[in-house]
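Here is the structure we will look at.
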Amino acid sequence: MNYIASIGSYFIMIREVFKKPTKWSIMKTLILKEIDELVYGSMGIIIFISFFIGGVVSIQTALNITNPLIPRNLIGFATRQSVILEFAPTFTSIIMAGKVGSYITSSIGTMRVTEQIDALEIMGVNSLNYLVFPKIIAMLFYPFVIAIAMYVGIFGGWTAGVFGGFSSSADFVEGLQLDFIPFHITYSFVKSIVFALIIATIPSFHGYYMKGGALEVGKASTTAFVWTSVVIIIVNYILTQLLLG
Amino acid sequence: MIEVDNIHKSFGESHVLKGISSNFEKGKTNLIIGQSGSGKTVFLKCLLGLFTPDEGTISYDGKIYSELSASEQRNLRQEMGMVFQGSALFDSMTVQGNVMFPLGMFTKQSKSEMQDRVDFVLKRVNLVDAHNKFPSEISGGMQKRVAIARAIVMNPKYLFCDEPNSGLDPKTAILIDNLIHEITQEYDITTVINTHDMNSVMEIGEKIIFLKNGLKEWEGSNKEIFKTENEAVTDFVYSSELFKKVRQMYIEERN
Numbered sequence: 494m495n496y497i498a499s500i501g502s503y504f505i506m507i508r509e510v511f512k513k514p515t516k517w518s519i520m521k522t523l524i525l526k527e528i529d530e531l532v533y534g535s536m537g538i539i540i541f542i543s544f545f546i547g548g549v550v551s552i553q554t555a556l557n558i559t560n561p562l563i564p565r566n567l568i569g570f571a572t573r574q575s576v577i578l579e580f581a582p583t584f585t586s587i588i589m590a591g592k593v594g595s596y597i598t599s600s601i602g603t604m605r606v607t608e609q610i611d612a613l614e615i616m617g618v619n620s621l622n623y624l625v626f627p628k629i630i631a632m633l634f635y636p637f638v639i640a641i642a643m644y645v646g647i648f649g650g651w652t653a654g655v656f657g658g659f660s661s662s663a664d665f666v667e668g669l670q671l672d673f674i675p676f677h678i679t680y681s682f683v684k685s686i687v688f689a690l691i692i693a694t695i696p697s698f699h700g701y702y703m704k705g706g707a708l709e710v711g712k713a714s715t716t717a718f719v720w721t722s723v724v725i726i727i728v729n730y731i732l733t734q735l736l737l738g
Numbered sequence: 030m031i032e033v034d035n036i037h038k039s040f041g042e043s044h045v046l047k048g049i050s051s052n053f054e055k056g057k058t059n060l061i062i063g064q065s066g067s068g069k070t071v072f073l074k075c076l077l078g079l080f081t082p083d084e085g086t087i088s089y090d091g092k093i094y095s096e097l098s099a100s101e102q103r104n105l106r107q108e109m110g111m112v113f114q115g116s117a118l119f120d121s122m123t124v125q126g127n128v129m130f131p132l133g134m135f136t137k138q139s140k141s142e143m144q145d146r147v148d149f150v151l152k153r154v155n156l157v158d159a160h161n162k163f164p165s166e167i168s169g170g171m172q173k174r175v176a177i178a179r180a181i182v183m184n185p186k187y188l189f190c191d192e193p194n195s196g197l198d199p200k201t202a203i204l205i206d207n208l209i210h211e212i213t214q215e216y217d218i219t220t221v222i223n224t225h226d227m228n229s230v231m232e233i234g235e236k237i238i239f240l241k242n243g244l245k246e247w248e249g250s251n252k253e254i255f256k257t258e259n260e261a262v263t264d265f266v267y268s269s270e271l272f273k274k275v276r277q278m279y280i281e282e283r284n
C-alpha cells in the first residue's frame, strides 16, 4: 500500500514541478548550473568507465572465439552492438544513478532538513519547480553524454583489441561497419532520454519528501539509488521489448 | 492584523490544536509560548500556510486564507517574512545572495536598485561587512540577522519568527529580540514569535498567548503575566528560582 501511495505522490510531484514556473532570468542560471553539475561534471567518470568497459567487451569476445571459422571482425561487431545497445545507455545510467542521483537526493534532502525548502515555500516560490525543473532540463543533455560514452567505449574496444593483439585494426573497423542498423542509435538515445528523466526525478522525490535529520539524508540517498536502478532496469526491459521486439 | 478563529489540527490520532482563537495586532510583537509539545510549532505553521487547519479559519487583514486560490495564497505569502529557528539560509549563496533572493525572484528591480535595498536592510540589522561571506562562515547571531534581513527585504506585512534566539548567548539573544521589536514598530508589521525564552516574554511580549495541550490557556501582555494567577502560566514562566524571586519582588513592590 505504501508503494502505491509513493507512486501516486511521485506523479503528483511531477505535476507540481511544471506549475507556477520560476522567473526565466533565475531559471536560466539554475539550468546552466545544473548542466555543469550533473552533465559536464559527470563526463570524467563516464569517459573512464566507458573506455574500460569497451576494452573488456572486446577482450572477452576475442577470448571466446575459439572456432577458426568465426571471422575476427566479430570482435568489432560485438563491441559495437554491446556498447551501443546496452553498455553506453544502461550501464552508464546505473553509474549515473549512483553519482548524480545521490547528489540530487542529498542536496535536496539537506535543504529539507535545514528548512530551506520551507523558506522557499513561505516566500511564495514553487520549490518543486525551483529545485527539480532545472535538473530535468539539464538531464535532457544526457544523450550527449551517452553519445560520448558510445564513442569512447568503441575506442576502448579498438584499443584493447588491436594493442592486445586480439584483432587487426582493419578487422575491427570492418566489424564495426558490419550490418549496422541506424535505428539502434535511435533506440539507445530514446532509452537515454527516458533514463535521464528517471535519474532527475526519482532522487528528487526521495530528497524532497524525506523526513528526519542528517542520518536520514544518507538513508534517502541509498534508497533513491536502489529505486532509480530498479526503475531503470524495468524500463530498459519494457523499452527494449517495445522498440526492438 | 491576523485573526484566528477556532482552528483545529490533527495528525492521525493525535489532536494537536483543539480550537484556538485569537488575533495578532499590527505593529505589535505577539508571542506564542508553551511547553514542548503544546502545539506552538504546528500553530505557527498553520499561520504560515504550511499546514492546513482541519477546522476553523485564519484571516490576514480580512482575507481568509483557505478561501484564496493557490495563486492568491502564493501572493499572500510574498507579504510574509519568516525567521526560522535554524535561520534556513541558502547555504550555497552568500549573505548578499540570500538577502537579494526574494528581490530577484519577485521584483523587476534593476541590479543596482536591489543592491541598494540589500545594503539598506543589512545595515538595518547591523551587518555591514558580511556581504560576500557564506552562511557557514558567520556566527549563529549573524545568521539570525541575515535571516531577519531576508525576511524584511520585501517590506512584509507579517513577520513570523520560530524561536529566533535559540542557541544564542543571552546578550546576542536580547539584541535579536530588540531588533525584531524595533523593526515591528518601525515598519508597522504584524509580528508573531514562537519562543521558549522568558527574557523575550518579559522584554518584548506586547501580546502573549500561552498554549497548553493544544488549547489557548492564557492570553495577555508582559505586564499582565506578572500578575496572573493562572497556575499553568506561573508554573511555566516562573519555573526557575530566579524568575520566582523576581516575581515575588515585583508583587511585594506593587503591594
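These protein sequences, in sequence, are chains D and W. Residue numbering for the first sequence follows my numbering, starting at 494 and increasing by one per position. Residue numbering for the second sequence follows my numbering, starting at 30 and increasing by one per position. For each residue, glycine too, the CB sits at the ideal point set by N, CA and C.
Interface with chain D (8 Å Cβ-Cβ cutoff): R174/W is excluded.
R106, Q107, M109, M111, F113 and G115: these are the residues of the segment 105-116 of chain W whose beta carbon lies less than 7 Å from some beta carbon of chain D, given in chain order. Only residues of its own chain outside the window of five on either side were considered, and among them D191, E192 and S195 have a CB closer than 6 Å to the CB of Q114/W, listed in chain order. One Cα belongs to L271/W, the other to T224/W, and the distance between them is close to 19 Å.
Rounded to the nearest whole angstrom, the C-alpha separation of E258/W and H699/D is 50 Å. By the neighbour-count definition (other C-beta atoms within 10 Å, threshold 16), Y730/D is an exposed residue. Proximity of chain W to K516/D at the Cβ level (cut-off 7 Å) is accounted for by M134, in chain order. In the three-state DSSP reduction, H225/W falls in the coil class, being neither helix nor strand.
E211/W counts as exposed, since fewer than 16 other beta carbons sit within 10 angstroms of its beta carbon. Taking all protein chains in view, the Cβ of T721/D is crowded by 16 or more other Cβ atoms within 10 Å, so the residue is classified as buried. Just so you know, the alpha carbons of D83/W and Q102/W end up roughly 17 Å apart. Looking at K512/D, I577/D, L671/D and I725/D, the one whose alpha-carbon comes closest to that of P696/D is I725/D. Looking at I497/D, P636/D, I546/D and I597/D, the one whose alpha-carbon comes closest to that of A571/D is I546/D. Uninterrupted alpha helix (DSSP H) stretches at least 4 residues long and entirely within the segment 78-166 of chain W occur at 99-106, 124-135 and 140-153, given in chain order. Taken through DSSP and simplified to helix, strand or coil, K57/W comes out as coil. In this chain, Y702/D is not harboured by any beta strand (DSSP E), its DSSP state being neither H nor E. DSSP, reduced to helix, strand and coil, places Y267/W outside both helices and strands of the structure shown, so it counts as coil. At a C-beta separation below 8 Å, R103/W has these neighbours in chain D: K513, G617 and N619. Looking at the DSSP output, I238/W sits in a beta bridge with I61/W and E248/W. By the CB criterion at 8 Å, A117/W and V150/W fall outside the cutoff.
Looking from the CA of F119/W, the closest CA among M604/D, S586/D, A590/D and I588/D belongs to M604/D. A direct Cα-Cα distance of roughly 17 Å separates G657/D from P564/D. One finds D611, E614 and I615 in chain D with Cβ atoms closer than 9 Å to the Cβ of L79/W, taken in chain order. Residues of chain W whose Cβ lies closer than 7 Å to the Cβ of I507/D do not exist, since the nearest Cβ in that chain is about 17 Å away. Excluding sequence positions up to five before and after N35/W, its CB lies within less than 6 Å of the CB of G48, S50 and G85, all in the same chain and listed in chain order.
Residues of chain W whose Cβ lies closer than 8 Å to the Cβ of I519/D are, in chain order, G133 and M134.
DSSP places N566/D in the coil class of the three-state scheme, outside both helix and strand. Take the alpha-carbon of L60/W and the one of M703/D: they are about 30 Å apart. Under DSSP, F189/W takes part in a beta bridge, and its partners are M111/W and V221/W.
Boundaries around N622/D are those of the alpha helix (DSSP H), S620 to M632, since no beta strand (DSSP E) includes it. Under the three-state reduction of DSSP, S661/D is assigned to coil, being neither helix nor strand.
Close CB contacts of I528/D within its chain, under the 7 Å cut and outside five residues either way in sequence, are with A631 and F634 (chain order).
Contact between the segment 567-586 of chain D and the segment 537-552 of chain D is present: three or more C-beta pairs spanning the two stretches fall below 8 Å.
Using beta-carbon distances, F72/W does not count as an interface residue toward chain D, since no partner is under 8 Å.
By alpha-carbon distance to V618/D, the top candidate from L105/W, D217/W and V45/W is L105/W. Across the segment 580-610 of chain D, CB contacts with chain W closer than 7 Å involve T607, E608 and Q609, in sequence order along the chain.
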